[in-house]
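In order, the protein sequences belong to chains A, B, C and D.
220 is the number of the first residue of the first sequence in this note's numbering; add one for each residue after it.
220 is the number of the first residue of the second sequence in this note's numbering; add one for each residue after it.
220 is the number of the first residue of the third sequence in this note's numbering; add one for each residue after it.
220 is the number of the first residue of the fourth sequence in this note's numbering; add one for each residue after it.
All remarks here apply to the structure that follows.
There are 4 protein chains.
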Amino acid sequence: MTDAETTLAQLRQLVDEFVAERDWRQFHSPKNVSMALAIEAAELMEHFQWLTPLESREVAAQPEKLAAVAEELADVLCYALALANELGLDVATAVRQKMVKNALKYPADEFRGRYGPEDTGPKDLGPKDSGAEGKRRA
Amino acid sequence: MTDAETTLAQLRQLVDEFVAERDWRQFHSPKNVSMALAIEAAELMEHFQWLTPLESREVAAQPEKLAAVAEELADVLCYALALANELGLDVATAVRQKMVKNALKYPADEFRGRYGPEDTGPKDLGPKDSGAEGKRRA
Amino acid sequence: MTDAETTLAQLRQLVDEFVAERDWRQFHSPKNVSMALAIEAAELMEHFQWLTPLESREVAAQPEKLAAVAEELADVLCYALALANELGLDVATAVRQKMVKNALKYPADEFRGRYGPEDTGPKDLGPKDSGAEGKRRA
Amino acid sequence: MTDAETTLAQLRQLVDEFVAERDWRQFHSPKNVSMALAIEAAELMEHFQWLTPLESREVAAQPEKLAAVAEELADVLCYALALANELGLDVATAVRQKMVKNALKYPADEFRGRYGPEDTGPKDLGPKDSGAEGKRRA
Chain A
220 MTDAETTLAQ
230 LRQLVDEFVA
240 ERDWRQFHSP
250 KNVSMALAIE
260 AAELMEHFQW
270 LTPLESREVA
280 AQPEKLAAVA
290 EELADVLCYA
300 LALANELGLD
310 VATAVRQKMV
320 KNALKYPADE
330 FRGRYGPEDT
340 GPKDLGPKDS
350 GAEGKRRA
Chain B
220 MTDAETTLAQ
230 LRQLVDEFVA
240 ERDWRQFHSP
250 KNVSMALAIE
260 AAELMEHFQW
270 LTPLESREVA
280 AQPEKLAAVA
290 EELADVLCYA
300 LALANELGLD
310 VATAVRQKMV
320 KNALKYPADE
330 FRGRYGPEDT
340 GPKDLGPKDS
350 GAEGKRRA
Chain C
220 MTDAETTLAQ
230 LRQLVDEFVA
240 ERDWRQFHSP
250 KNVSMALAIE
260 AAELMEHFQW
270 LTPLESREVA
280 AQPEKLAAVA
290 EELADVLCYA
300 LALANELGLD
310 VATAVRQKMV
320 KNALKYPADE
330 FRGRYGPEDT
340 GPKDLGPKDS
350 GAEGKRRA
Chain D
220 MTDAETTLAQ
230 LRQLVDEFVA
240 ERDWRQFHSP
250 KNVSMALAIE
260 AAELMEHFQW
270 LTPLESREVA
280 AQPEKLAAVA
290 EELADVLCYA
300 LALANELGLD
310 VATAVRQKMV
320 KNALKYPADE
330 FRGRYGPEDT
340 GPKDLGPKDS
350 GAEGKRRA
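What follows is the structure, given as structure tokens:
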């Protein structure tokens, strides 16, 4: 079943049953789960550590590497859902609320093509920039 | 709409539209998105940094603190979904596959009450342990 | 040679020679080095992931585990020094300046036994707290 | 006093006195200190989050940004030294031992210009690569 057919609740339950079946709730203090999540996030980063931004995009076309990345991303998701379970947080609600906040903080008109207030616009587009047309980034 | 009614695809689309609307795909190389995710995971950890494991569980009953944690968790989720979007990964599939792998690595019979191979069992349960009955952890 | 006999400059040179000898400066953009440092910091955290605070202190008396922790700590230090090398930063100066700032932010009189403004004092010291005498933490 | 004149022991003592003066040892379980270190490592990364590798090198010539980076690097160092203090680890010894291990794992002849076994050599050097002469990276 894919993302179009799977609810957040279904994935949360999958994680919850796994933890309960192993009597692991005792280890899943929010402190520990947040540490575990951060550790997995670092393992995910490790796949892109020495790659250029452009090379990191090419991973999408490298099945072996992509599968490894998918596995780390799954680990991150599992701990995120485990934390939601431990604290009784509704993930969909939290994400929607944060996206509303983000839209207010980064109005599209003002931040189109700018990643933040400190981003003052395109640098001189010489050969040393990654060559994506009309864009400044790889 | 809550976790029971929201699919992964719906949340992915929310994130995708936000990014597209601001022409931010140029900044969303998987390298950058993995960095952003790790940064948010650390901000989430920060809420539990100096708390005991037991105190971290008590956050569930502290509305102000819980809301702050929910916001950081949402940030982590947003970047996880953004990465799935950039690499064309189906999150539900990845999570299910990883849970199957986890079940093989940690059979319930063998790991009930043990967090890993290095966990050789309960220590001497003296007053200095966190006092959850029958469990070794807070 | 131990910490009493080794200067920051000596360790920085050790790292610098290693990087130069392998023509690795090309990979050591500050962006990459900061990622590498964060990845090693997570690997260091992993050693304490499922331990109670008290158990994490006991690692000091477990030679095998302590050696593994020392290795990860060394990795963190190496990348920190590599970043100092790439950006031309004097580490001793930076640390001293930050410690001055910290002392102003956390006057000893005000923060003795309190980790921050949000720390309002000892909770009820019942058996469920870690049992360090007169202290609230393990 | 600069890196050439400052020993690791001197910086460790600075951190140790600060912690002792505030009676903060109780919060400095290795578990907590490793979390704190990872959090600071993420704050350091944040300065390079949306920059290209080349732009991250340019920070060395931007005094305001460089000072902010120096402060985060100092935070990372402080917690690394705090952990060494808590666990009684000699940092210089650990770093030297790890560098010996690294030299065996990455012999200079074999890894000159290669970041690891998976690095099979220069890609096609077209305009889309960052333009550093003779190198593949920015």
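Glycine is no exception: its CB is placed at the ideal position from the N, C-alpha and C atoms.
Nearest to residue i (by Cα), restricted to the options the options
i, options, result
"Ser253 of chain D", "D:Glu329, D:Glu305 and D:Leu292", "D:Glu305"
"Ala260 of chain B", "A:Val310, A:Val295 and A:Val288", "A:Val295"
"Val278 of chain B", "A:Leu302, A:Asp235 and A:Met220", "A:Leu302"
"Glu283 of chain D", "A:Glu337, A:Glu224, A:Arg356 and A:Thr226", "A:Glu337"
"Phe237 of chain C", "D:Thr339, D:Glu224 and D:Gly332", "D:Gly332"
"Lys317 of chain A", "B:Glu274, B:Cys297, B:Leu273 and B:Arg315", "B:Cys297"
"Pro270 of chain D", "B:Leu233, B:Lys250 and B:Asp222", "The amino acid occupying residue 270 of chain D in the given sequence is Leu; Pro does not appear at that position. That would be B:Lys250, whose Cα lies nearest to the Cα of Leu270 of chain D."
"Asp309 of chain B", "A:Ala313, A:Glu290, A:Arg356 and A:Glu265", "A:Glu290"
"Ala299 of chain D", "C:Arg244, C:Ala280, C:Leu256 and C:Ala357", "C:Leu256"
"Arg231 of chain C", "C:Ile258, C:Met264 and C:Ala293", "C:Ala293"
"Asn321 of chain D", "C:Phe330, C:Gly335 and C:Val234", "C:Val234"
"Ser248 of chain B", "B:Met220, B:Glu262 and B:Gly307", "B:Gly307"
"Val314 of chain C", "D:Val288, D:Ala239, D:Pro272 and D:Arg276", "D:Val288"
"Tyr334 of chain D", "A:Gly335, A:Trp243, A:His266 and A:Glu262", "A:His266"
Residue i classed as buried or exposed, judged by whether at least 16 other C-beta atoms fall within 10 angstroms
i, result
"Arg241 of chain C", "buried"
"Ala228 of chain C", "buried"
"Asn319 of chain D", "According to the sequence shown, residue 319 of chain D is Val rather than Asn. Exposed."
"Gly340 of chain B", "exposed"
"Ala286 of chain B", "exposed"
"Pro326 of chain D", "exposed"
"Glu274 of chain D", "buried"
"Gln245 of chain D", "buried"
"Met264 of chain C", "buried"
"Thr221 of chain B", "exposed"
"Ala280 of chain D", "exposed"
"Glu329 of chain A", "exposed"
"Glu224 of chain B", "exposed"
"Ala311 of chain A", "buried"
"Ala357 of chain C", "buried"
Three-way DSSP call (helix, strand, coil) for residue i in this model
i, result
"Thr312 of chain C", "helix"
"Ser248 of chain A", "coil"
"Tyr261 of chain B", "A quick correction: the sequence has Ala, not Tyr, at residue 261 of chain B. It is helical."
"Gln232 of chain B", "helix"
"Arg276 of chain C", "helix"
"Phe267 of chain D", "coil"
"Leu326 of chain B", "As written in the sequence, residue 326 of chain B is Pro, which differs from the Leu given in the question. Reduced to three states, the DSSP call for Pro326 of chain B is coil."
"Tyr334 of chain D", "coil"
"Asp242 of chain B", "coil"
"Ala303 of chain D", "helix"
"Pro346 of chain C", "At Pro346 of chain C the pLDDT is 42, less than 50, meaning the model places this residue with poor confidence; the figure from the coordinates comes in the next sentence. Coil at Pro346 of chain C, not helix or strand."
"Gly353 of chain C", "Bear in mind that the predicted position of Gly353 of chain C carries a pLDDT of just 45, short of 50, making it too unreliable to give a figure here."
"Leu285 of chain A", "helix"
"Phe237 of chain A", "helix"
Sheet register partners of residue i (DSSP bridge)
i, result
"Thr221 of chain D", "Thr221 of chain D is not bridged to any residue."
"Thr339 of chain C", "BP columns for Thr339 of chain C are empty, so no partner."
"Thr226 of chain C", "D:Thr226"
Residue i beta carbon near the ligand FMN (any heavy atom closer than 7 Å)
i, result
"Cys297 of chain D", "Ligands are entirely absent from the displayed structure, and the ligand FMN is therefore not among its contents."
Given a limit of 7 Å on CB to CB distance, which residues of the region 231-260 of chain A reach chain C? Phe246, Asn251, Met254, Ala255, Ala257 and Ile258
Taking beta-carbon pairs under 7 Å, can you tell me which members of the region 282-293 of chain D lie near chain C? Leu285, Val288, Ala289, Glu290, Leu292 and Ala293
Can you give me, in chain order, the residues of the region 329-343 of chain C that have a beta carbon less than 9 Å from any beta carbon in chain A? Taking 9 Å as the Cβ-Cβ cut-off against chain A, none of the residues of the region 329-343 of chain C qualify.
Residues of the region 271-282 of chain D in Cβ contact with chain A at a cutoff of 9 Å, in chain order, please. Within the region 271-282 of chain D, the qualifying residues are Thr271, Pro272, Leu273 and Glu274.
At a CB distance below 9 Å, what residues from the region 290-319 of chain C approach chain A? Give them in sequence order. From the region 290-319 of chain C, no residue has a Cβ closer than 9 Å to chain A.
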